[in-house]
Every structure is written in structure tokens, then in C-alpha cells.
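Structure, as C-alpha cells:
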Amino acid sequence: MAVIAVIFGRFIRKLSKNAQNFTASANSIVEESLTGISNVKSFTQEIFTLNKYKVSTDEIRKLNVKSGLWRGVFVSFIIFCLFGAIIFIIWKGLLMTQGANPELSSQGFYQFILFTIMMGASVGSLPDLYASIQKAAGASENLLEILNGKTESNFISGDQKFEFLGAIKFENVTFSYPQRKDITVLKNISFSIKPNDHIAIVGASGAGKSTIASLLLHFYYEFNGDIKYDDISINKIEIESLRKQIAIVPQEVILFSGSIRDNVSFANPNASDDEINSALKKANAWEFVNEFPDNLNTEVGDRGIQLSGGQKQRIAIARAILKNPKILILDEATSSLDSESEKLVQDAMNKLMIGRTSIVIAHRLSTVREADKILVLKNGELVEEGSHDSLIKLKGFYSKLVDLQNIH
Ligand SMILES: Nc1ncnc2c1ncn2[C@@H]1O[C@H](COP(=O)(O)OP(=O)(O)O)[C@@H](O)[C@H]1O
Ligand SMILES: [Mg+2]
4 MAVIAVIFGR FIRKLSKNAQ NFTASANSIV EESLTGISNV KSFTQEIFTL
54 NKYKVSTDEI RKLNVKSGLW RGVFVSFIIF CLFGAIIFII WKGLLMTQGA
104 NPELSSQGFY QFILFTIMMG ASVGSLPDLY ASIQKAAGAS ENLLEILNGK
154 TESNFISGDQ KFEFLGAIKF ENVTFSYPQR KDITVLKNIS FSIKPNDHIA
204 IVGASGAGKS TIASLLLHFY YEFNGDIKYD DISINKIEIE SLRKQIAIVP
254 QEVILFSGSI RDNVSFANPN ASDDEINSAL KKANAWEFVN EFPDNLNTEV
304 GDRGIQLSGG QKQRIAIARA ILKNPKILIL DEATSSLDSE SEKLVQDAMN
354 KLMIGRTSIV IAHRLSTVRE ADKILVLKNG ELVEEGSHDS LIKLKGFYSK
404 LVDLQNIH
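Heads up: the sequence shown begins at 4 in the working numbering, then just goes up one per residue.
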């Protein structure tokens with residue numbers, strides 16, 4: 004019996020370990036999606052990501068049902084053996100109460116058996132029961148909190164869908180992050196962008212440049228002033244329609260575990276390999292992808308760790324190209340690159356910007372000289388705006404920044 008118990012025990016442990024592994028992989032999907040939530044949202048891939056999670060949780064369910072079944076078999080076996088033992092004791096005891104001069108009175112015997120069973124069963128199950136109750140109570144508390152929380156649709160009710168021409172307006176926008184209400188990150192910002200204009204936003208790090216990008220994607224709902232696309236307030240525009248027409252190449256590109264194909268077609272799951280390859284070519288990424296033995300099927304590893312920064316950035320650009328957005332936001336897309344990768348990425352971005360409204364956020368000013376208009380941010384305020392030449396003539400904050408970086 005002991006041998007069977009050991010073998011059974013190992014088998015069940017292996018099953019639950021498998022289930023654990025699947026749980027871990029499901030959790031990593033959640034973790035990645037949450038870390039890359041702005042990717043998921045700006046590419047409106049909520050459903051796709053949910054499905055991915057569903058597949059993996061289904062696997063966990065199957066494994067848990069299997070291990071539950073076997074545990075049931077195991078428990079039945081143990082109970083069978085236990086009852087066998089009890090019956091054996093009863094039988095032996097009964098024999099002891101037999102005869103003319105019994106070793107044990109029959110009353111004493113019955114009492115002993117009964118009390119032992121009752122005591123053992125009730126005390127033995129108490130700690131387990133208590134632990135389960137505690138565990139369930141704790142887990143459901145957290146779950147209920149999450150379920151009762153508000154979703155994006157509680158805040159954003161816009162329902163207008165239309166094809167953007169590409170004009171953008173900020174009207175006296177003042178904003179603080181909900182987690183840090185006391186710090187005003189953008190102060191009374193106003194500017195306007197014509198369709199197909201190429202705009203640059205410059206300023207020291209922390210000035211509020213990325214915050215403008217987040218507001219453009221409607222990641223935050225509470226701000227003063229108004230943001231308009233083609234003269235329609237952002238609050239009136241349906242959120243999915245808005246995000247479908249904007250692509251962002253962020254400074255820190257986060258790829259999802261999966262193949263290069265998965266990561267590029269994230270922008271458009273129905274894209275053919277031809278379309279993906281053409282996007283990769285435009286992004287100057289096709290050559291290095293083709294050097295991998297598995298081409299498009301090359302796994303990028305957790306969060307793309309098996310690719311270099313420049314390669315990841317070019318994959319992100321390919322993703323944006325495949326999305327074919329009306330409005331393109333490039334948030335310091337070249338700042339962490341060496342000069343050769345920078346040239347390739349810059350090249351790819353220049354191609355990508357043609358025929359779209361583009362907003363290039365840059366720390367390095369050499370990359371923004373050709374912009375139609377440069378917005379200069381300082382501590383959340385828009386201090387200057389104009390072309391490179393006019394801002395140099397102004398001899399203000401921008402020209403000081405240019406002097407500091409030694410580029411003329
Ligand atoms: N999610 C956030 N929550 C709270 N504060 C933030 C958040 N993101 C940025 N900030 C703060 O907002 C300010 C502007 O940040 P950001 O727009 O990222 O600057 P930039 O892109 O110009 O470097 C900074 O002071 C930063 O600390
Ligand atoms: Mg930034």
C-alpha cells in the first residue's frame with residue numbers, strides 16, 4: 004500500500020506541476036500585456052490578447068480536471084485501505100469480546116471504536132477546512148475589488164467614427180496624472196497641426212513630451228481644455244476608431260513573446276506574409292530578419308530580449324507601417340541607438356512619415372531640423388514654436404538647447 008501511495012503521489016505531483024507551469028505561462032501573458040498595455044491599446048488588440056490568455060487558461064483547466072480525477076482515485080484508494088484497517092480492528096476486537104471470559108467488554112469496545120473515529124475525523128479535517136476557507140475568502144476579496152472597478156468604457160463615451168484627415172489641435176490643455184494630482188505636468192498647452200504636417204516636440208526629459216502622446220491616444224480622460232481631431236473633440240470620438248488611426252513607435256519598444264510575424268502582424272492580424280515582408284522592407288528590418296534561419300518564424304523571446312534595441316525599434320516601425328495610420332507618433336525612437344542603427348531607423352521613419360501627420364518627439368535636436376514646426380516644451384509649458392531657422396533667429400530657449408548640443 005505504501006508503495007502504491009508513493010507512486011500515486013509522484014504522479015499527482017507531476018500533474019499539478021504541469022498545471023503550475025501552464026499557470027505561470029498564463030500569468031506571463033497577463034504580465035506582458037499589462038506591461039505593454041499601451042501597445043495593446045494603441046493597436047486595439049484587447050480581444051486578441053484576451054483570446055491568447057483564454058487558450059492558455061483552458062489548458063490549465065484541463066490539467067486541473069485531470070489531476071482532480073486522479074486525486075479522487077487516490078483518495079478513494081486511501082479511504083478504502085483505511086476502512087479495511089478499521090474493519091480489521093473491529094473484527095479482531097469482536098473476537099476479543101467473544102467467549103465465556105472476554106478480554107474486553109463489548110460496551111467498552113464499541114465506545115472505543117466510535118469515539119476514536121469521530122475524534123480523528125473531526126479534528127483531522129479542521130485545519131484543512133480552515134485553510135481553505137481563508138484562502139477562498141482572501142482570493143474572492145481581491146477578485147471582487149477588481150470586478151467592481153471601472154473600465155475604460157465607463158469614462159469614454161464618444162461614438163463618432165470617421166476617417167481622419169490628420170489635423171490636430173490642443174486647446175489650453177492642462178493635465179496632471181491621476182496618481183500625482185498635485186503636480187501639473189502640462190500647463191495650458193495650445194497648438195495646432197495641419198494634415199500631413201511634420202511636427203517635432205523637443206525639450207528636456209520630464210518636460211511632458213510623452214504625456215502629450217498619451218493624451219493624443221486618449222489614455223487619460225481627465226484634463227482641462229480640449230484636444231481635437233479634424234475639429235472634433237476627442238471626447239466625441241469612438242476610442243477604437245481613434246486608436247486605429249494613430250500609430251506610435253515608443254522609445255522603449257516592448258515585443259511580445261512569439262515570432263517576428265506575430266509581432267509585426269499585431270497591427271493587423273489578417274496581414275499576409277507579403278504585406279508583412281513589405282512592411283519589414285520599408286522599416287529597414289527585412290535584411291536582418293532574413294538572416295535569421297527561421298525568418299518570420301524567428302522567436303523574439305520574452306519581451307523581445309533576443310533582439311537588439313535597434314532591431315526591436317525597426318520591428319516596431321514595421322508594425323506601425325502595417326497599421327497604415329493617418330497619424331504617426333515617434334517617441335524618441337532613435338535616442339537609444341548607435342549611429343549606424345540610428346541612420347537606418349531614421350531612414351525608415353522618414354519613409355514612414357510621408358503622406359501622414361507625424362509627431363516626432365526628440366531629445367537629440369539633429370533629428371528635427373527638417374520639421375514643418377517645432378514645439379519647444381519646458382517644464383510642461385510650451386515656450387516656443389516655429390521652424391528651426393525661425394527659432395534659431397529668436398535666440399531663445401531652443402537656440403540655447405542647440406548650442407548645448409553643438410549642432411548648427
Ligand atoms: N504615469 C505617470 N504617473 C505620474 N507621473 C508621470 C507619469 N508619467 C510621467 N510622469 C511625470 O510627468 C512628467 C512628464 O513626463 P513625460 O511626459 O514622460 O516627459 P518626457 O517625455 O518629456 O521626458 C515627469 O515629471 C514625470 O515624472
Ligand atoms: Mg518621454
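Backbone N, C-alpha and C fix where the C-beta goes; we use that ideal spot for every residue, glycine too.
### Query
Does the beta carbon of Q309 fall short of 7 Å from some heavy atom of ligand 2?
Q309: no, Cβ never under 7 Å from ligand 2.
### Query
In this structure, does DSSP put N157 in helix, strand or coil?
Three-state result, N157: helix.
### Query
Tell me, which residues are paired with V415 by DSSP?
Any question about residue 415 goes unanswered here, given that the chain covers just 4 to 411.
### Query
Should F178 be labelled buried (16 or more other beta-carbon atoms within 10 Å of its own) or exposed?
The residue is buried, with at least 16 neighbouring Cβ atoms inside 10 Å.
### Query
Helix, strand or coil: how does DSSP classify Q163 here?
Three-state DSSP puts Q163 in a strand.
### Query
Name the DSSP bridge partner or partners of F178?
L189.
#### Entry: Nearest-angstrom Cβ-Cβ length linking S361 and I202, presumed shorter than 8 Å
Contact flag correct, Cβ pair sits at about 7 Å.
### Message
How far does the beta strand (DSSP E) with Y232 in it extend, from its first residue to its last?
### Response
Taken as a continuous stretch (DSSP letters only), the beta strand (DSSP E) holding Y232 covers 227–232.
### Length of the line joining the Cα atoms of K44 and S275
If you take the alpha carbons of K44 and S275, they lie about 22 Å apart.
### Message
So if DSSP puts T360 in a beta bridge, which residue, or which two residues, is it bridged to?
### Response
Note: T360 sits in a beta bridge opposite I330.
### Query
Is Y56 near ligand 1, going by C-beta to nearest heavy atom under 7 Å?
For Y56, the shortest separation between its Cβ and any heavy atom of ligand 1 does not lie below 7 Å.
### Task
Report yes or no: do the stretch 21–29 and the stretch 226–244 share at least 3 C-beta pairs separated by less than 8 Å?
Flag = no, the stretch 21–29 and the stretch 226–244 do not touch.
### Query
Would the C-beta of S213 count as close to ligand 2, meaning under 7 Å from any of its heavy atoms?
In terms of side-chain proximity, the C-beta atom of S213 is found nearer than 7 Å to a non-hydrogen atom of ligand 2.
### Query
My guess is that E388 and V379 are in contact by the Cβ rule of under 8 Å, so how many angstroms apart are they, rounded?
Contact between E388 and V379 holds: their C-beta atoms lie close to 7 Å from each other, under 8 Å.
### Task
State the Cα-Cα distance for the pair R359 and R64, rounded to the nearest angstrom.
Each residue's CA atom was taken as its position, placing R359 and R64 some 47 Å apart.
### Query
Using the beta-carbon count (16 or more within 10 Å), is P328 buried or exposed?
Buried is the label assigned to P328, since at least 16 other Cβ atoms lie within 10 Å of its Cβ.
### Three-way DSSP call (helix, strand, coil) for V303 in this model
Here V303 sits in coil by DSSP.
### Task
Give the secondary structure of K17 by DSSP, where H, G and I count as helix, E and B as strand, and everything else as coil.
Correct three-state label for K17: helix.
### Task
Sort out for me which residues DSSP pairs S236 with in a bridge.
Looking at the DSSP assignment, S236 forms a beta bridge with K231.
### Task
Could you check the C-alpha separation between D406 and R317 for me, to the nearest Å?
D406 and R317 have their C-alpha atoms some 30 Å from each other.
#### Entry: Candidates L331, D277, S156, V256: closest to Y224 by CA position
If we check each option's Cα against that of Y224, S156 comes out closest.
#### Entry: Beta-carbon gap between L325 and L355 smaller than 8 Å
Not in contact: L325 and L355 (Cβ atoms no closer than 8 Å).
### Message
Three Cβ pairs or more, each shorter than 8 Å: is that satisfied between the stretch 162–182 and the stretch 341–351?
### Response
Flag = no, the stretch 162–182 and the stretch 341–351 do not touch.
#### Entry: CA nearest to the CA of T47, picked from Y401, N175, I249, N287
Taking only the C-alpha atoms, the option nearest T47 is I249.
### Query
What separation, rounded to the nearest whole angstrom, lies between the Cα atoms of S208 and E255?
Between S208 and E255, the C-alpha separation is close to 14 Å.
### Query
With burial defined as no fewer than 16 other Cβ atoms inside 10 Å of the residue's Cβ, what is the status of F86: buried or exposed?
Exposed, by the Cβ-count rule.
### Query
Closest by CA to L189, which one among S217, E166, K164, N199?
Here the closest residue by C-alpha is S217.
### Task
Can you have a look at L118 and say buried or exposed, based on whether 16 or more other CB atoms are within 10 angstroms of its CB?
Here the sequence assigns Phe to residue 118, which means Leu is not the residue at that position. The residue in question, F118, is exposed, as its Cβ has fewer than 16 Cβ neighbours within 10 Å.
### Task
Decide yes or no for the touch test of the stretch 232–247 against the stretch 157–171: beta carbon pairs closer than 8 Å, at least 3 of them.
In short, these stretches touch, since the Cβ pair count reaches three.
### Message
Quick check on DSSP: helix, strand or coil for A321?
### Response
Residue state, collapsed to three classes: helix.
#### Entry: Other residues of its chain near G206: CB distance less than 7 Å, five sequence neighbours each side excluded
By the criterion of a C-beta distance shorter than 7 Å, G206 is surrounded in its chain by K212, V379, L380, K381, once the five residues flanking it on both sides are discounted.
### Query
What does DSSP give as the partner residues of A365 in its beta bridges?
Under the DSSP definition of a beta bridge, A365 partners with V205.
### Task
To the nearest angstrom, report how far apart F295 and T301 are at their CA atoms.
For F295 and T301, the gap between their C-alpha atoms comes out near 7 Å.
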